[in-house]
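Shown next, in structure tokens, is the structure this report addresses.
There are 6 protein chains.
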Amino acid sequence: MPKVITFGEVLMRLCPPAQGRFVQSDCFNVLYAGSEANAAASLSILGVSSEHVTCLPDNELGRAASMQSKQCGVCTDHVVYKEGRLGLYFLESGASIRSPKIIYDRFDSAFANLDADAFDWEEIMEGAEWFHWSGITPAISQSAADACRNAIATARKKGLKVSGDINYRRNLWQYGKTARDIMPELIEMCDLLVAGITDFENCLGISDATLEATCIKAAKQYPNIKKVATTNRGTVDSSHQSISGVLWNGKGILESRKYDLNPIVDRVGSGDAFMAGIIYGYVNKMNDQQTIDFATAACALKHTVEGDVNRVSVSEIEAVIKGENVGKLLR
Amino acid sequence: MPKVITFGEVLMRLCPPAQGRFVQSDCFNVLYAGSEANAAASLSILGVSSEHVTCLPDNELGRAASMQSKQCGVCTDHVVYKEGRLGLYFLESGASIRSPKIIYDRFDSAFANLDADAFDWEEIMEGAEWFHWSGITPAISQSAADACRNAIATARKKGLKVSGDINYRRNLWQYGKTARDIMPELIEMCDLLVAGITDFENCLGISDATLEATCIKAAKQYPNIKKVATTNRGTVDSSHQSISGVLWNGKGILESRKYDLNPIVDRVGSGDAFMAGIIYGYVNKMNDQQTIDFATAACALKHTVEGDVNRVSVSEIEAVIKGENVGKLLR
Amino acid sequence: MPKVITFGEVLMRLCPPAQGRFVQSDCFNVLYAGSEANAAASLSILGVSSEHVTCLPDNELGRAASMQSKQCGVCTDHVVYKEGRLGLYFLESGASIRSPKIIYDRFDSAFANLDADAFDWEEIMEGAEWFHWSGITPAISQSAADACRNAIATARKKGLKVSGDINYRRNLWQYGKTARDIMPELIEMCDLLVAGITDFENCLGISDATLEATCIKAAKQYPNIKKVATTNRGTVDSSHQSISGVLWNGKGILESRKYDLNPIVDRVGSGDAFMAGIIYGYVNKMNDQQTIDFATAACALKHTVEGDVNRVSVSEIEAVIKGENVGKLLR
Amino acid sequence: MPKVITFGEVLMRLCPPAQGRFVQSDCFNVLYAGSEANAAASLSILGVSSEHVTCLPDNELGRAASMQSKQCGVCTDHVVYKEGRLGLYFLESGASIRSPKIIYDRFDSAFANLDADAFDWEEIMEGAEWFHWSGITPAISQSAADACRNAIATARKKGLKVSGDINYRRNLWQYGKTARDIMPELIEMCDLLVAGITDFENCLGISDATLEATCIKAAKQYPNIKKVATTNRGTVDSSHQSISGVLWNGKGILESRKYDLNPIVDRVGSGDAFMAGIIYGYVNKMNDQQTIDFATAACALKHTVEGDVNRVSVSEIEAVIKGENVGKLLR
Amino acid sequence: MPKVITFGEVLMRLCPPAQGRFVQSDCFNVLYAGSEANAAASLSILGVSSEHVTCLPDNELGRAASMQSKQCGVCTDHVVYKEGRLGLYFLESGASIRSPKIIYDRFDSAFANLDADAFDWEEIMEGAEWFHWSGITPAISQSAADACRNAIATARKKGLKVSGDINYRRNLWQYGKTARDIMPELIEMCDLLVAGITDFENCLGISDATLEATCIKAAKQYPNIKKVATTNRGTVDSSHQSISGVLWNGKGILESRKYDLNPIVDRVGSGDAFMAGIIYGYVNKMNDQQTIDFATAACALKHTVEGDVNRVSVSEIEAVIKGENVGKLLR
Amino acid sequence: MPKVITFGEVLMRLCPPAQGRFVQSDCFNVLYAGSEANAAASLSILGVSSEHVTCLPDNELGRAASMQSKQCGVCTDHVVYKEGRLGLYFLESGASIRSPKIIYDRFDSAFANLDADAFDWEEIMEGAEWFHWSGITPAISQSAADACRNAIATARKKGLKVSGDINYRRNLWQYGKTARDIMPELIEMCDLLVAGITDFENCLGISDATLEATCIKAAKQYPNIKKVATTNRGTVDSSHQSISGVLWNGKGILESRKYDLNPIVDRVGSGDAFMAGIIYGYVNKMNDQQTIDFATAACALKHTVEGDVNRVSVSEIEAVIKGENVGKLLR
């Protein structure tokens, strides 16, 4: 019985090998990724039963996408297949002073054209404990936004915890609505957000000088919100960065250690790894400090793993938190 | 000064290595291809100056596509770049009794959304000798069809020879027009067609028992048409096929040798190699028999070359026609 | 609810790329395979819900093995993890007159050392329709044989159909028992066997001039056996072979078409693809002729797919049976 | 109409993948490179029309070399093909405290044996703005030196700006002349040099304590020289270095920022990227400070790109100069 | 005539490419390695004639293992082949804060089951100067320990220098004996040890506060021991470490420089490279300081070379010692 | 003690992967090969002790070349290293009707410039049984021809059997001598030749209608010649050929079976495999028929192995002769 349900689009990711540029590569590495699917995969690998709900094209590429979720142990029983295309993104890794780049090609996908009524959320969420969505989904299309709202409302009704990774991206909102039109209703139903100050400003029109002050303001208006988490990234260049985590728990700000990351193997999906760490913590009854520590260490380790999915174990995360074995050859 | 001008869409081709299936491959080989661009590249490699005109997305993938044309020596000076996506196709090679497959993802591309007035055909065709288009282009969108008609009309006006590769594909015509709405006007202005019996039926509503009879009927209605060429494929399975060529020259049917091809390395683009061979022949003042022999041998050799472009030389084609050196280690 | 349950060891397969020999390769392709797991994966890909039960080492290699089953949609909920090693096999593909080779390294694996009581067959088989085992499992160790017998007995008791792929391999029986000691009791409980004449001889001491005569003799002694299927392989060399299927259904021998296979991409797992085809046919209420036709076409197609798993669809198999589209480029 | 003409040899570069050593690699990455061709390719990618003139062997390797120039948009219309071999160099990347290594195999190449009269410099330079050569060319053979002198003299006569990248390499001068025999005449005709103190010493016998003092002395003797540029490299080890640029403009020394580079992906060609940046600046009417800033940032970015060619855009270089987006994921 | 004889097991090493994790890799890089074989290969590459004695399975994998020794110039004339399996290890490279991991699968190998009398040590050591073993061998099985003792005793008798790399690994000792049962007798016959404080404790029950004090105690009890060497590793993380060397020569402690290593390409085998450096030094009559300097520089360079074998030359090591050319492009 | 000594140049072979063409490949597979070195490697793999004598450049590429001989077990103790370059050849595999191609780049190599007195043939051949050379060596340069003559003369003097693979290649003879100037003296000292009718014509000016007649004539003039062997190749195309062997033993012509080879993996080196098979047969006291059967089967199997070296075992060859196991999966 899946404990955690996630909903969102899955894209094919195409990435030149090593540190090659698009124009010089005659093959691209292929995998399938999406913010919420990544979180579901991370959770499953950490031992938390999870299911990812999405809409995929009814062809071999759509099936390949769901097969990658399955490989990670994520239930895909309620994936809807329909005519259409699979969204794509092209990723070029950076190096040193050269920045990484993403070219999206995701418009008009099968997911964007999903039928909002195609998902039986009552059945899907039966027995589940947690529902997770991100701000990418309602930005894609009206029907995606509708399906997302239905999912959140059902989750709330059935007593699941609801988390939203706000992840505001201006250039996604192309169907005639803005984030401020759509997001407030969705955020209102959440217990926990991953969001930074600018996310609040862009989606809710709420802002203040510090994250804590912003959270207090937001929670006043949206009283279901009990926790807000985010990461702070320090950047030397594309290869060398640091990461630390912050959690507002209604009482104050808790912080994790800061991790120095050099070299970065793949930073894409590190936010999803953080999100999965937060959910993992609360599903496993960790306290707030343990949770932000776990999520940040998970996020830090993700930077060392190729691909969007955080293929690390609980014991690896715990060792990193304790500073044990770092760099030691484990036999 | 380019002698041959071609016009049409360029797609990214993504293909699992070796004989892998989509669902089992974690990298895809990448190249850029389109029926008319393939023909232009073949011609350039054969030593005929050529230019390919197209519309590409104004990003690094669009630039990568034009860089491949450039690499083959094709002039790209009149490529138009605009916002939008690059069309794609996914190719799975077959083997033995397993068939090869293509999944297209080309709708709503920058090319489909091109501005029909963005091309200054008068300037482009100045000094050129031949214009080539295919039936794929007018099937993509109204503006693509308009641009194609403008190009053909200008070519005709300026005294270029015009060739059209009819290449009817039912599932491309999605913008509210059918081939019979659009194609007759375009075909009417052509000197030479690559077309089979069903192409005449689908595009012109003309059919008869034999290719010759069909050509005679068509030429009566469309008197500009002087030559019609096509290939006949014999199929044992995906790895083992044969190819021969046929040319109707207004007087009768000329045939080439039949080539046995086993194993086939990559058959995609073999029609474009044939087309380029036909143009090569006439641009180089070959007679009809020499032309169909050259084009068919070029087409046959293409089956042995990976990728859409026929990377073979004139001397290799001539050796195949003569049956010289086949299988001999050339030092 | 899985309809088909399979039980057996999963090995890591290590194979030099292309047609490389062991001594000249500095990388090996890696996948995870086992006769029964292959059948379960094939079934799942064909749309039949399946579960594979096995014992894997409690390390990342064991987890990788189960992740491959999951990727194919096979349920792995009852896999037992324990200390120990993952069995391996090294495969060298042949070519033309050079034969393919396998070096096994599977002794003393976690599976060989499994605890026969670690599997709750009553629970595993609840609601299932079919149980499948192969003669490899009882050959590995006493505890594997015991677990296999328990599984078969439970299956029988709970009314599942039982199939056994006899697959006699002399050099596996190393734990002090012979096939004739162990197999009769297991075969006695089967409804359907995949077996050739020598399998009957080696496991039951029964033989006769023809497969039909042998089957009749065997069914007299082992009256549960209602069907016996096998394949006939014609061999030109490593790259060129043919395959046809035979089914004895208690009344007579039914035969499939013979498929010519050239070149063979990977023949390993073709027997498992045949087995899965047989099960697919009967689970889907095909008649005997339809079943042997389906299974043989599945087996034939497997030869064109890299890896042990038959990654083909029902519609591909049906097209091969009808001789449709063979070698045609499917767009 | 090409604005910038370059002249020099093109070699095949063979390089073990990743950080492999020659003796342990069973494949080598292949590309085609030469100091001046690299500069032409960089310029073309930056949007400056360029043509590279060279002599290549009349075989498929020579054609592959010119195809790479073409791919980068460089005009190759005046390449001369003749019998002979393609020069080669083998590159082993270093890592950390292990140094990178080059083994040259370039003697007796088609270029070394070129016919100095094979190039119609009058025609080639018609309408061009800038001619660029390097000190490698006159070091190769007498005929190469002659062709280079002819080119420079024609450029001067036709009013092109002339730049020379001195790049003194003692072990190249093997044909009986020394740099001091040949270089003064060539340098005398230059407007701009890329050269360090030892280059002046080795080629002109001029030296002084500082670059500025050396430049002043040289300009007194060679009054055409108006600008001298060079880079300063700081070296921690093979993976971690810094680069800054210096320009003497007749009045004094201008300096760029210093860029910290870690890890270095490929430093080969970084001098050519610097050279292209200098030419880009002056062709685009940048002032001296802008030019040295642009050239140094281009040079720095080259260290992050695999291959000899600096595959970066003007906007990427500008962002690096401003310190914008460094390490940021660009979507 | 080999000067240095080594004895020990050779394993197949299987390693995901780049920084991939086991569960996400569909191919593994393959090589053959063992502590003593690595030392022999290093010595041979450095110009010291060496022979490695081992027992390998009599199949193509065993032959591939010996072919790698041969490739490095190591004599394999006395390798014994017998039935059995080749031991394996699976290596996952770490990156940044993610640690590297090894999964061993070496029990019950052909080497573990070797016949202690299969080696004619008298003949093997005829004319040799040095014998080297490691503490891995006696930990594998009783017969391996016996063979090792025979070899050491013969070496001693014939006047060879004997070195032992203690390399204590608790989880290897599985055959009913402990290191303290077996190692004292072997260590007693050694002239030189590579060992750290915990090695003395684990194998001899001798310990003290410092390495020097421990060595003095040990040498009192085991008077043949004249030298003890070891390395000190400083660890930032998996990618960034430092190494320095220490040698106790009976009079005091000599230290090498400390080398900063970033990034580390492959640290596996660096201890064997150190060992080979020590032997190289003494065989070449270096003094103690020269020897520890040479061995440490060799060890440091090994971290920049993929694979277990230290593929570097004497001149590269000498340049590192002098700090010459570090990071310089050598042409 | 090597039984068989071979002498000849070793080249680096560079080959696009799979069936790629030179102009479309961005990596080349690398190995080291030469007719006589290939024969020595084959012999060593078959169990016949062999030594290859050559002259290699004193750099890492030369060392890599000798390391490949060593890997195959060939003694390289008398290799001479000197300044210079390593000869190269570029190989493009053909497919179906496209022919394979070789571009040589071997002039002015270290071998071509060898010092004919650098080899102490008396010492090298001490205790050996057989010396083998090919017609490539005397074609390279006067000093190579001199060294070859010295070697043959010494072999003869010391009682070794001498075999020569005539392998006439017109375009190699570039140093002012022709084959007819040089070869007669060398052939005169041979016991066994591999040669076809045109080889006799080109080197000795002897020809006749049949091989037998030609051999009889030649043996009359060159009475040392006791045996002449050659292969007959039947060619369908690049992928499909047949091979059979012929031996003239002074009494008549013996023939082997004809082997059908489809697909051919790599035919380069198949002549050397045949040569090695002939030597193997006579060194192992096979009779003439056994020898030609063995050599032809070895040659046939070589076509299925990537690379110049025939990596097959005696038992594989014997099975092919008997027609056993062809295409069977060997477990």
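Respectively, the protein sequence lines represent chains W, U, H, B, G and C. Quick note on my numbering: the first sequence kicks off at 2 and runs consecutively. Quick note on my numbering: the second sequence kicks off at 2 and runs consecutively. Quick note on my numbering: the third sequence kicks off at 2 and runs consecutively. Quick note on my numbering: the fourth sequence kicks off at 2 and runs consecutively. Quick note on my numbering: the fifth sequence kicks off at 2 and runs consecutively. Quick note on my numbering: the sixth sequence kicks off at 2 and runs consecutively. Ideal placement from N, C-alpha and C gives every residue a C-beta, glycine not left out. What you are looking at is a predicted structure, and each value in this text was computed from that prediction instead of being measured.
Per DSSP, which one or two residues make a beta bridge with residue i?
i: E307 of chain C; result: Looking at the DSSP assignment, E307 of chain C forms no beta bridge with any residue, so it has no partner.
i: C28 of chain U; result: W:N30
i: F8 of chain G; result: G:V54
i: W131 of chain B; result: B:V5, B:K162
i: K1 of chain W; result: Outside the displayed range of chain W (2 to 332) lies residue 1 of chain W, so it cannot be described from this structure.
i: E256 of chain W; result: W:V247
i: Q242 of chain U; result: U:T236, U:L262
i: K15 of chain G; result: As written in the sequence, residue 15 of chain G is Leu, which differs from the Lys given in the question. Beta-bridge pairing links L15 of chain G to G:V31, G:F91.
Rounded to a whole number of angstroms, what is the C-alpha to C-alpha distance between residue i and residue j?
i: L92 of chain W; j: E213 of chain B; result: 45 Å
i: F295 of chain W; j: M190 of chain H; result: 52 Å
i: D106 of chain C; j: S26 of chain C; result: 19 Å
i: V310 of chain G; j: A40 of chain G; result: 8 Å
i: G251 of chain W; j: I104 of chain G; result: 45 Å
i: I188 of chain B; j: A220 of chain B; result: 10 Å
i: Y281 of chain U; j: S271 of chain U; result: 15 Å
Is residue i buried or exposed, if buried means 16 or more other CB atoms sit within 10 Å of its CB?
i: K228 of chain G; result: buried
i: D95 of chain U; result: The amino acid occupying residue 95 of chain U in the given sequence is Gly; Asp does not appear at that position. Answer is buried; the Cβ neighbour count reaches 16.
i: E61 of chain H; result: buried
i: K71 of chain C; result: buried
i: D182 of chain U; result: exposed
i: L194 of chain B; result: buried
i: R170 of chain W; result: exposed
- alpha helix (DSSP H) runs wholly inside the segment 47-117 of chain B, at least 4 long, in chain order: 61-72
### Query
Name the residues in the segment 268-294 of chain H whose C-beta lies less than 9 Å from a C-beta of chain G; which are they?
none
Checklist line | Proximal residues, the segment 31-62 of chain C versus chain B, C-beta separation under 8 Å | finding: V31, L32, N60, E61, L62
*Select from the segment 294-312 of chain H all residues with a C-beta closer than 8 Å to any C-beta belonging to chain W, and list them in chain order.*
none
- Query: Going along the chain, which residues of the segment 195-207 of chain C sit with their C-beta nearer than 7 Å to a C-beta in chain U?
  - Reply: none
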